[in-house]
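Chain order of the listed sequences is A, B and C.
All residue numbers for the first sequence refer to my numbering, where the first residue is 19 and numbers rise by one.
All residue numbers for the second sequence refer to my numbering, where the first residue is 33 and numbers rise by one.
All residue numbers for the third sequence refer to my numbering, where the first residue is -19 and numbers rise by one.
C-beta atoms are modelled at their ideal positions from N, C-alpha and C, and glycine is treated no differently.
Beneath this line is the structure, given in structure tokens, with notes to follow.
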Amino acid sequence: MENNKILIKGNHAIVEAAIDAGCRFYAGYPITPQNEIPEYMSIKMKEAGGIFMQAESELISINLVYGAAVAGARAMTTSSSPGISLMQEGISYMAGCELPGVIVNVQRGGPGLGNISPSQSDYFQAVKPGHGDYRLIVLAPYNTQEMYDFTFEAFDLADKYRNPVMVLTDGLLGQIMESIELKRKTPELLNQKKDWALTGAKGRKGKRIVSLLMEPGVLEKHNFHLKEKYDLIRKTEKRFEKLGITEDMEYLIVAFGTVARISKGAIKLSRDIKIGLFRPITLFPFPYEELKEIARKVKKIFVFEMNLGQMLEDVKIAVEDSEKIEFYGRPGGGVPTSEELLNFILKRIQK
Amino acid sequence: MIEKIIYKKPDSLTDVNFSYCPGCGHSTVHKIIAEVIDELALRENTIAVAPVGCAVFAYNFWDFDVTEAPHGRTPAVATAIKRVLPDRLVFSYQGDGDLASIGMAEIVHTANRGENITVIFINNTNYGMTGGQLAPTTLLNQKTTTSPFGRDAKNYGYPFKMLEFLSPLEGVKYLERVKVTDAASVVKTKNAIKKGFSYQLQNIGFSMIEVLSSCPANWRKEPLDSNKWIEEEISKVYPVGKIKDIK
Amino acid sequence: MRKGKIKINEDRCKGCLLCIEQCKVKEIIQGEKVNKYGHLVVEFKNSGKCNACTLCAIVCPDAAIEVYEVSEEKVNGK
Chain A
19 MENNKILIKG
29 NHAIVEAAID
39 AGCRFYAGYP
49 ITPQNEIPEY
59 MSIKMKEAGG
69 IFMQAESELI
79 SINLVYGAAV
89 AGARAMTTSS
99 SPGISLMQEG
109 ISYMAGCELP
119 GVIVNVQRGG
129 PGLGNISPSQ
139 SDYFQAVKPG
149 HGDYRLIVLA
159 PYNTQEMYDF
169 TFEAFDLADK
179 YRNPVMVLTD
189 GLLGQIMESI
199 ELKRKTPELL
209 NQKKDWALTG
219 AKGRKGKRIV
229 SLLMEPGVLE
239 KHNFHLKEKY
249 DLIRKTEKRF
259 EKLGITEDME
269 YLIVAFGTVA
279 RISKGAIKLS
289 RDIKIGLFRP
299 ITLFPFPYEE
309 LKEIARKVKK
319 IFVFEMNLGQ
329 MLEDVKIAVE
339 DSEKIEFYGR
349 PGGGVPTSEE
359 LLNFILKRIQ
369 K
Chain B
33 MIEKIIYKKP
43 DSLTDVNFSY
53 CPGCGHSTVH
63 KIIAEVIDEL
73 ALRENTIAVA
83 PVGCAVFAYN
93 FWDFDVTEAP
103 HGRTPAVATA
113 IKRVLPDRLV
123 FSYQGDGDLA
133 SIGMAEIVHT
143 ANRGENITVI
153 FINNTNYGMT
163 GGQLAPTTLL
173 NQKTTTSPFG
183 RDAKNYGYPF
193 KMLEFLSPLE
203 GVKYLERVKV
213 TDAASVVKTK
223 NAIKKGFSYQ
233 LQNIGFSMIE
243 VLSSCPANWR
253 KEPLDSNKWI
263 EEEISKVYPV
273 GKIKDIK
Chain C
-19 MRKGKIKINE
-9 DRCKGCLLCI
1 EQCKVKEIIQ
11 GEKVNKYGHL
21 VVEFKNSGKC
31 NACTLCAIVC
41 PDAAIEVYEV
51 SEEKVNGK
């Protein structure tokens, strides 16, 4: 068997995954800490015979992706927090038009221009996004392998549900190098026919892809249709990971992405404390029921994030007794250490 | 007696009546575009991008593939469609609010990249759909719902001449300003649009046709008076004619 | 002289009167009929002066006018 293991930077892994997933249209605009993506993509997309465009703004990026999706291409854009804010308009239009597309957010500190340190402060923006009643499928990788895997899978998910998919990662995962295994296989839905795409009205009436639905009641109906789709996604695409969840577990950490990784370190350091980790992988759909089940059995639930408590709100929805929840967050590009998290746990346990 | 039909509604128009006001220039330009597409036999090979504004409903009237774009992003959407499907005719249809205001970055960079698309730009010197507010193209002293005392340059700036502004860009291959005030000018407009489309089919590059177009309802004028106003006032500020043609 | 006639699609006509201005032989007039959308539609007089010049149809924003060339059957046996 061919050995597909390579040492690679997270941002580069996203490029490899997109190309392997059949993405043949990329548009992006420079912003730190994701610049390796457009840089590397400008080479890889050319090799793959696809279209690479350096957009002149994030507004242009997302609308190029919108147009490419209209024409039936697998398309992607990437950016970091402030740039994603600029894309919100286009993302909402894509959701309204039911256009597939992949958006990668390599998060940095905010608000405003913030800084270029890793952050998770765009959780709300990803999970409870822009104007109108819509949802994105949100995947949160926590190592370089998942940067590759989730970006790869994002394209099939986008096509399957005709919905934008966001890979929500951060500057730390974008910058670190790890050994990963490449898939190099054909994505399941790559050649799925896109009857809805606009390719010219050959032998048929003209078609339209629009999100303006002015006739009375039509938009309301469309929203209900979208909800049905989101409900199906909730039922079928929920993903999470449980680590060290045992029958006699007393405490639970809930964390995603980079912080889940740091939490694993804290658990390792904690030695004889009976503590496990619940890591939501899809932030939408959020694994409420599964978390609820586990949360019942523990004395305390620690929610750790690199923000001031955004996923915390979803944990509170999931957990029946929210008095059990202890939150520790580092905003503005602050990255906790495993020791820091363990100290917080110890203090709260001894109280 | 034999009756031979020599002029009829083009096939590329649906049977849906235009939603535009009586005498509106949008209607005329929609019709002309459909005629050109019929004549070039491109109905099955065309993808149009409609703007935000009155013409957002263009997709109800054209019987070819049409999508819409967020306000002003029309050229970006058209660019990607054309890049993905280079053998299709792709055009964006935009008003002056869409193109000359909120979508300024999109149109400038699309033009500068020399994207091989055609842009039909409707200049009626105001925001039609939202109720006749001032646009970058509004004439000096023109009264609109947000310049009720007339546009004074000190507060509102000057009328934006898009074609003259885009003309120096190397990616731009063909620019012409036309009007649709009488049969002769309608024919000229049709020829200009046909030329823009033909250039695209020959991979010549970016072209844009600006149509001085009436907005009787928001101008508070009868359709005939509106056309007279285009002849007497608007075309003084925005002279019709070829601005650039590299061929 | 070429003979012609026009048919006005009364559902599409909005009574903007641009066609009347274009007609050199004054064969179109402002009518009295209001269509179902409330527009006062124009009328073709059909007094034999229409020469099928198509100017009215060309200028009609709403593609509401069809133009026909009318000829005797015997012309060149066609």
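Worksheet item: Can you pull the DSSP bridge partners for Glu199 (chain A)?
Response: The residue you call residue 199 (chain A) lines up with position 181 of the first sequence. Beta-bridge pairing links Glu199 (chain A) to A:Lys23.
Worksheet item: On the three-state DSSP scale, how would you describe Gly33 (chain B)?
Response: Position 1 of the second sequence, counted from the start, is the residue given in the question as residue 33 (chain B). The sequence shown places Met at residue 33 (chain B), rather than the Gly named in the question. Residue state, collapsed to three classes: coil.
Practice prompt. Determine, using beta carbons only, whether Val272 (chain B) and Arg183 (chain B) come nearer to each other than 8 Å.
Written response: Locating residue 272 (chain B) in the second sequence gives position 240, where the first residue counts as 1. Locating residue 183 (chain B) in the second sequence gives position 151, where the first residue counts as 1. No, the Cβ-Cβ distance between Val272 (chain B) and Arg183 (chain B) is not below 8 Å.
Worksheet item: Who does Gln72 (chain A) pair with in a DSSP beta bridge?
Response: Position 54 of the first sequence, counting from 1, holds the residue named residue 72 (chain A). For Gln72 (chain A), which the question treats as bridged, DSSP gives the partners A:Gly46.
Worksheet item: What is the DSSP secondary structure of Trp94 (chain B), counted as helix, strand or coil?
Response: Here the question's residue 94 (chain B) lines up with position 62 in the second sequence. Of the three classes helix, strand and coil, the one that applies to Trp94 (chain B) here is strand, per DSSP.
Worksheet entry | Amino acids of chain A, ordered along the chain, whose beta-carbon sits closer than 9 Å to that of Arg209 (chain B) | Within the second sequence, the letter at position 177 stands for residue 209 (chain B). Neighbours of Arg209 (chain B) on chain A: none; closest Cβ ~26 Å, over 9 Å.
Fill in: DSSP state of Gln126 (chain B) mapped onto helix, strand, coil
Along the second sequence, read from residue 1 onward, the residue named residue 126 (chain B) stands at position 94. The answer is strand: DSSP assigns Gln126 (chain B) an E or B state.
Discussion item. Taking the alpha carbon of Thr142 (chain B) as the reference point, which residue from B:Val204, B:Gly164, B:Val116 and B:Thr99 has its own alpha carbon closest?
Written reply: One-based indexing of the second sequence puts residue 142 (chain B) at position 110. Of the candidates B:Val204, B:Gly164, B:Val116 and B:Thr99, the one whose C-alpha sits nearest the C-alpha of Thr142 (chain B) is B:Val204.
Discussion item. Are the CB atoms of Ile280 (chain A) and Lys318 (chain A) within a distance shorter than 8 Å?
Written reply: Here residue 318 (chain A) is taken as the residue at index 300 of the first sequence, counted from 1. Here residue 280 (chain A) is taken as the residue at index 262 of the first sequence, counted from 1. Not closer than 8 Å, so no.
Worksheet entry | For Pro298 (chain A), the residue or residues it bridges with in DSSP | As a first step, residue 298 (chain A) is located in the first sequence; it is residue number 280 there, counting from the start. In the DSSP output, where bridge partners are listed per residue, Pro298 (chain A) has A:Phe258.
Worksheet item: Taking C-alpha atoms, which residue in B:Asn187, B:Gly237, B:Asp214 and B:Lys186 lies nearest to Leu207 (chain B)?
Response: The count along the second sequence starts at 1 and reaches residue 207 (chain B) at position 175. Answer by Cα proximity: B:Gly237.
Worksheet item: Just the Cα atoms here: how many angstroms apart are Ala66 (chain A) and Asp38 (chain A)?
Response: Taking the first sequence and counting its residues from 1, the one referred to as residue 66 (chain A) is at position 48. Taking the first sequence and counting its residues from 1, the one referred to as residue 38 (chain A) is at position 20. In this structure, the straight-line span from the alpha carbon of Ala66 (chain A) to that of Asp38 (chain A) is close to 9 Å.
Worksheet item: Opposite Gln10 (chain C) in the DSSP bridges: which residues?
Response: For the purposes of this step, residue 10 (chain C) is taken as the residue at position 30 of the third sequence. According to DSSP, which records beta bridges pairwise, Gln10 (chain C) is partnered with C:Val22.
Item to complete: Scan the stretch 100 to 113 of chain A for residues whose Cβ lies nearer than 9 Å to a Cβ of chain B and list them as they occur along the chain.
Response: Glu107, Gly108, Ser110 and Tyr111
Item to complete: For Tyr346 (chain A), count neighbouring C-beta atoms within 10 Å of its own C-beta (all shown protein chains included) and say buried if the count is 16 or more, exposed if not.
Response: Stepping through the first sequence from its first residue, residue 346 (chain A) is reached at position 328. When all chains shown are included, Tyr346 (chain A) counts as buried.
Worksheet item: Any Cβ of chain B within less than 8 Å of the Cβ of Ile78 (chain A)?
Response: Against the first sequence, residue 78 (chain A) aligns to sequence position 60. Chain B, which has a Cβ nearer than 8 Å to the Cβ of Ile78 (chain A), makes this yes.
Item to complete: Taking Phe238 (chain B) as the query, report the chain A residues whose CB atoms sit under 7 Å from its CB, ordered along the chain.
Response: For the purposes of this step, residue 238 (chain B) is identified with residue 206 of the second sequence, where counting begins at 1. Near Phe238 (chain B) there are no residues of chain A at all, since even the closest Cβ is about 15 Å away, more than 7 Å.
Discussion item. Run through the DSSP bridge pairs and tell me what Phe170 (chain A) is partnered with.
Written reply: Taking the first residue of the first sequence as 1, we reach residue 170 (chain A) at position 152. Answer by DSSP bridge pairing: none, since Phe170 (chain A) is not bridged.
Worksheet entry | Three-state class that DSSP yields for Gln106 (chain A) in the structure shown | The count along the first sequence starts at 1 and reaches residue 106 (chain A) at position 88. The answer is helix: DSSP assigns Gln106 (chain A) an H, G or I state.
Worksheet item: In terms of residue numbering, what span does the alpha helix (DSSP H) encompassing Gln119 (chain A) cover?
Response: Within the first sequence, the letter at position 101 stands for residue 119 (chain A). Before going on, a small fix: residue 119 (chain A) reads as Gly here, not Gln. Unbroken run through Gly119 (chain A) is the beta strand (DSSP E), Gly119 to Gln125; no alpha helix (DSSP H).
Practice prompt. Identify, in the order they occur along the chain, each residue of the same chain with its Cβ nearer than 6 Å to the Cβ of Leu195 (chain B), setting aside the five sequence neighbours on each side.
Written response: Start at 1 with the first residue of the second sequence, and residue 195 (chain B) comes out as number 163. A distance below 6 Å between beta-carbons, with the five flanking residues on each side excluded, links Leu195 (chain B) to the following residues of its chain, in chain order: Leu207, Arg209, Glu242 and Ile275.
Item to complete: Report the rounded CA-to-CA distance for Met19 (chain A) versus Ile299 (chain A), giving the unit in angstroms.
Response: Within the first sequence, numbered from 1, the residue matching residue 19 (chain A) stands at position 1. Within the first sequence, numbered from 1, the residue matching residue 299 (chain A) stands at position 281. Any reading at Met19 (chain A) must be qualified, since the residue scores a pLDDT of 48, below 50, and its modelled position is unreliable; no value is offered.
Worksheet item: What's the gap between the Cα of Met105 (chain A) and the Cα of Lys211 (chain A)?
Response: As a working mapping, residue 105 (chain A) is identified with position 87 in the first sequence. As a working mapping, residue 211 (chain A) is identified with position 193 in the first sequence. When rounded, the distance between both Cα atoms is 27 Å.
Worksheet item: According to the neighbour-count rule (16 or more other Cβ atoms, all chains shown, within 10 Å of its Cβ), is Arg226 (chain A) buried or exposed?
Response: As a working mapping, residue 226 (chain A) is identified with position 208 in the first sequence. Arg226 (chain A) should be labelled buried.
Worksheet item: Between the C-alpha atoms of Ala93 (chain A) and Asp249 (chain A), what's the straight-line distance to the nearest angstrom?
Response: By one-based count along the first sequence, residue 93 (chain A) stands at place 75. By one-based count along the first sequence, residue 249 (chain A) stands at place 231. Approximately 25 Å, taken between the alpha carbons.
Discussion item. Which residues of the stretch 226 to 237 of chain A have a Cβ closer than 9 Å to any Cβ of chain B? Give them in chain order.
Written reply: Arg226, Ile227, Val228, Ser229, Leu230 and Met232
Worksheet item: Of all Cβ atoms in chain C, is any one closer than 8 Å to the Cβ of Met33 (chain B)?
Response: Against the second sequence, residue 33 (chain B) aligns to sequence position 1. At least one chain C Cβ lies under 8 Å of Met33 (chain B).
Worksheet entry | Segment contact flag, the stretch 69 to 88 of chain A with the stretch 40 to 59 of chain A, C-beta cutoff 8 Å, min 3 pairs | yes
Worksheet entry | Closer than 8 Å at the beta carbon, the chain B residues around Glu52 (chain C) | Indexing the third sequence from 1 puts residue 52 (chain C) at position 72. Those are Met33 and Ile34, listed as they occur along chain B.
Worksheet item: In the structure shown, what three-state DSSP assignment does Thr204 (chain A) receive?
Response: Within the first sequence, the letter at position 186 stands for residue 204 (chain A). Coil.
Item to complete: With distances taken Cα to Cα, identify the nearest neighbour of Lys211 (chain B) among B:Asn156, B:Lys227, B:Lys36 and B:Lys253.
Response: Reading the second sequence from its first residue, position 179 is the one you call residue 211 (chain B). The shortest C-alpha separation from Lys211 (chain B) is found at B:Asn156.
Item to complete: Sort A:Pro234, A:Asp290, A:Tyr141 and A:Leu244 by Cα distance to Leu326 (chain A) and report the nearest one.
Response: As a position in the first sequence, residue 326 (chain A) is number 308, starting the count at 1. Leu326 (chain A) has its Cα closest to that of A:Tyr141, out of A:Pro234, A:Asp290, A:Tyr141 and A:Leu244.
Worksheet entry | Distance CB(Ala(-18) (chain C))-CB(Asp42 (chain C)) smaller than 8 Å | Within the third sequence, residue -18 (chain C) is the residue found at index 2, counting from 1. Within the third sequence, residue 42 (chain C) is the residue found at index 62, counting from 1. The displayed chain sequence assigns Arg, not Ala, to residue -18 (chain C). No, the Cβ-Cβ distance between Arg(-18) (chain C) and Asp42 (chain C) is not below 8 Å.
Worksheet item: Name the chain A residues that come within less than 9 Å of Leu201 (chain B), Cβ to Cβ?
Response: Counting from one through the second sequence, the residue named residue 201 (chain B) turns up at place 169. The contacting residues do not exist; Leu201 (chain B) stays about 13 Å from chain A at best.
Worksheet item: Would you say the stretch 214 to 228 of chain A touches the stretch 94 to 108 of chain B, given that touching needs at least three Cβ pairs under 8 Å?
Response: Flag = yes, the stretch 214 to 228 of chain A and the stretch 94 to 108 of chain B touch.
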